[in-house]
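Shown next, in C-alpha cells, is the structure this report addresses.
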Amino acid sequence: MGTSIETLTNETVELLQQLIRNQCVNEGTPESGHEDSNAILLRDELDGLGVDFEMIEVLPGRSSLVARYSGTDADAPDLCLMGHTDVVPVSPDGWNNDPFGGELITDSNGVSEVWGRGAVDMLNLTASMAVAFREIVRSGKRYPGDIIYFAVADEEAGGIYGAKPIVEDYWDLVRCDYVLTEYGGTPSFGRDGTSVLMTTGEKQSAGRRLTIHGTPGHGSMPYATDNALIKAAEIVARLKAFDVAPNLDEMFADRVKALGLDEATENRLLDPAQIDDALAQLPPGLARNLHSCCHMSFSPNMLRSGDKFNTVPDKATLSVDIRILPGETQDDVDKYLAEIIGPELLPSVDITRVFDEMPDGTPFSSTETPMWDAIGDSVRVAYPDAKVIPSLVTGGTDARFFRRRGVEAYGAGLLSNKVPLAEFLNRFHGHNERIDTESLQLTTQLWLDICERLWK
Ligand SMILES: [Zn+2]
Numbered sequence: 009m010g011t012s013i014e015t016l017t018n019e020t021v022e023l024l025q026q027l028i029r030n031q032c033v034n035e036g037t038p039e040s041g042h043e044d045s046n047a048i049l050l051r052d053e054l055d056g057l058g059v060d061f062e063m064i065e066v067l068p069g070r071s072s073l074v075a076r077y078s079g080t081d082a083d084a085p086d087l088c089l090m091g092h093t094d095v096v097p098v099s100p101d102g103w104n105n106d107p108f109g110g111e112l113i114t115d116s117n118g119v120s121e122v123w124g125r126g127a128v129d130m131l132n133l134t135a136s137m138a139v140a141f142r143e144i145v146r147s148g149k150r151y152p153g154d155i156i157y158f159a160v161a162d163e164e165a166g167g168i169y170g171a172k173p174i175v176e177d178y179w180d181l182v183r184c185d186y187v188l189t190e191y192g193g194t195p196s197f198g199r200d201g202t203s204v205l206m207t208t209g210e211k212q213s214a215g216r217r218l219t220i221h222g223t224p225g226h227g228s229m230p231y232a233t234d235n236a237l238i239k240a241a242e243i244v245a246r247l248k249a250f251d252v253a254p255n256l257d258e259m260f261a262d263r264v265k266a267l268g269l270d271e272a273t274e275n276r277l278l279d280p281a282q283i284d285d286a287l288a289q290l291p292p293g294l295a296r297n298l299h300s301c302c303h304m305s306f307s308p309n310m311l312r313s314g315d316k317f318n319t320v321p322d323k324a325t326l327s328v329d330i331r332i333l334p335g336e337t338q339d340d341v342d343k344y345l346a347e348i349i350g351p352e353l354l355p356s357v358d359i360t361r362v363f364d365e366m367p368d369g370t371p372f373s374s375t376e377t378p379m380w381d382a383i384g385d386s387v388r389v390a391y392p393d394a395k396v397i398p399s400l401v402t403g404g405t406d407a408r409f410f411r412r413r414g415v416e417a418y419g420a421g422l423l424s425n426k427v428p429l430a431e432f433l434n435r436f437h438g439h440n441e442r443i444d445t446e447s448l449q450l451t452t453q454l455w456l457d458i459c460e461r462l463w464k
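Have a look at this one:
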C-alpha cells in the first residue's frame, strides 16, 4: 500500500526546508554553490532503499546525485526527474522573513507557505521529485521504464559544473528518453476555462561582449576627446531605445489567452501596432514576462572602463545579455547589433560572442508524445477541465543539454490556485520567495500520477 499524500506532502515540506537551510548559493564562481550539502542530504534520503546511486563531483564541493530505479522492460522509455540543488544569492534587506530559514508560516488567509530562497526555483521540485521517487522505490512498484532521479549542481550559472559535463561525459548514468524539470503548472482561469502552462522550449542565450575603443587623454581637457566610456554610454542608450519587432505567434497567443485578461487587452496584446501600449498598462512582472516571450531581448548588464581618475579611457567593455526566440539565429543577433550601434560607432567596436553554444533554431520538445499526454491527464486529476498549453520559458534551464541529445524535456510542476502567474514569476530570483503547501502536495502527486500514466 502506498503512503498517504498527506504524509508525502509533509515529507516534501521537511525536505524543502532542509534544502533551503543548506544555503547552496551559487554566485557564478567555481568556489560558490557548495551543492555537496544538498547532494549528501538527498543521498541520505535515498540510502538504504536498495536503489543504485552515484555522486558525481565535477569540481570539489559541487557534487550532483544520480539515482536509477530500473524498470522491467529494457525497451521501454526511461524517465528522468531532474531538479537543481543550487539557488541564486539574496538581498536580505528586501525580505520579510529569513531567506534561509525555511520557515513554514501561515498567513492571515490561513495559507501555509515555506519561505526561503529556492522555494519556487526550484528546490520545491527537487524535494517533491525526491519524495515521489523514494515513494515509488519504497512501495516496490515497478514500471516498464527506468526512473532516474537527478539532483544537479550549478544550474543557476549555466550548468558548467553540473548538467553540461554530466550529460556529455556521464551519459550512461543519466541516459533517458524523457526529462521533467523546472518549471510549469500554474493554473489560470480565463474566459475559455482553466489552462495550465507547461514548458516545452526556452529562449536561447546569445550574450555579447562589446569592446569599445577610444583614444587616451588627460581628464583635465575633455573637450572633443575620443572617450570610450562616452561611446559605450551612447550604445547603452541605443540598446534601450531600439524597437525589436514582436513575434506574435500561436504559442504567444495561447499564453496571452491563458491569463484571464479582458478581451480588449487580449486583442491589443496580439496586435503588433498596439502591444507596446498594452504592455505598459499591465503589472510590471507580467509585462516583463510577456515582452520577453515575444521579443529578442537586449539587456546591457555590465560596463567597465578606465583605470585612472584623471585619464580619458581608451577602452570600455560592455556585456549585453541577449536572448533569442526559437527560429532566431546568432547571425540575426549580430545583424541587429550592427544596426543598433550604427555606422559611425561600429568601427570602434569589437563584438565577441560570449554565448553561442546552441545550434540555431533549438527545437521545442514535441507535444505528440506519450509523456505530454501523461502530463495532461495527470494535471486533470487536480483540475478536471484544464487545457495544458505548451509554452516558452524566458531563461535557460538544464533541459537544453538533454534536448540537444534528442531527449524530450518538459518544464512541469503543479501549483494551487493561490498564486497568480504574474506573482509566481516575480518570485523567481526575487524577494520573499515562498511556496504554499497545497502546491507542494499537487506537485508531489503529479510525479506519481505521471508515472502511473506514462507507461500505460
Ligand atoms: Zn531554476
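If you use my numbering, the sequence shown corresponds to residues 9 to 464, in order.
Just so it is clear, CB atoms sit at the ideal spot from N, CA and C, and this is done for glycine as well.
As the structure is a computational prediction, the values presented were derived from the model and not from experiment.
In this structure, the CA atom of E258 is about 23 angstroms from the CA atom of P292.
Counted as a single uninterrupted DSSP element, the stretch harbouring P195 is not any alpha helix (DSSP H) but the beta strand (DSSP E) occupying residues 194 to 198. Taking 8 angstroms as the cut-off, the beta carbon of T452 is found no closer than this to the beta carbon of S120.
Distances from the alpha-carbon of P254 to those of V362, S71, H303 put H303 closest.
Secondary structure of G102 (DSSP, three-state): helix. Burial is judged here by how many other beta carbons sit within 10 angstroms of a residue's own beta carbon; N434 has at least 16 and is buried. Selection V95, N117, R51, A324 evaluated against R217 yields A324 as nearest (Cα-Cα). Considering only V59, N105, T402, the residue with the shortest C-alpha distance to F306 is T402. Counting C-beta pairs closer than 8 angstroms gives fewer than three between the segment 97 to 106 and the segment 406 to 417, which falls short of the contact rule. Between the C-alpha atoms of D385 and R461 there is a straight-line separation of about 8 angstroms.
The beta carbon of E35 sits closer than 7 angstroms to those of P97, all from its chain and outside the five residues before and after it, given in chain order. Excluding residues up to 5 positions away in sequence, S120 lie with their Cβ nearer than 6 angstroms to the Cβ of T114 in the same chain. Nearest in C-alpha terms to L429, of all of E376, E336, R296, L354, is R296.
Short note on E163: C-beta closer than 7 angstroms to some heavy atom of ligand 1. Following the DSSP letters along the chain, one finds D444 in no alpha helix (DSSP H) but inside the beta strand (DSSP E) bounded by residues 442 to 444. Closer than 7 angstroms to some heavy atom of ligand 1: that does not describe the Cβ of M259. Relative to the non-hydrogen atoms of ligand 1, the Cβ of E352 never comes closer than 7 angstroms to any of them.
The beta carbon of D342 sits no closer than 7 angstroms to any heavy atom of ligand 1. R70 sits close to Y169, with the two beta carbons spaced by under 8 angstroms. Between ligand 1 and the CB of M130, the shortest heavy atom gap is smaller than 7 angstroms.
Between Q212 and M229, the alpha-carbon positions lie close to 44 angstroms from each other. Using a Cβ distance threshold of 8 angstroms, D329 and G215 count as a contacting pair. For a cut-off of 8 angstroms, the C-beta gap from V341 to I332 is around 6 angstroms, short enough to register as a contact.
Using a Cβ distance threshold of 8 angstroms, F372 and P321 do not count as a contacting pair. Counting other Cβ atoms within 10 Å of its Cβ, P85 reaches 16 or more and is therefore classed as buried. Placement of the Cβ of E210 at a distance of 7 angstroms or more from every heavy atom of ligand 1 is found. Ligand 1 approaches H92 closely enough that one of its heavy atoms is under 7 angstroms from the residue's Cβ.
The beta carbon of C301 lies closer than 7 angstroms to those of F260, R263, L400, T402 in the same chain, with the five residues before and after it left out. Remark: the C-beta of E190 is in contact range of ligand 1, defined as less than 7 angstroms to any heavy atom.
In this chain, the alpha helix (DSSP H) harbouring V21 covers 13 to 29.
Under the DSSP assignment, L433 falls outside any beta strand (DSSP E), being part of the alpha helix (DSSP H) whose first and last residues are 429 to 435. Residue nearest to T189 within the set T219, V389, M379, I48 is M379 (criterion: CA-CA distance). For the options V139, C459, T11, the alpha carbon positioned closest to that of V21 is the one of V139. For R51, the secondary structure class from DSSP, reduced to helix, strand or coil, is helix. Secondary structure note for H299: its alpha helix (DSSP H) is the uninterrupted segment 292 to 301.
A check of alpha carbon separations from G110 across L131, M90, N117 identifies L131 as the nearest.
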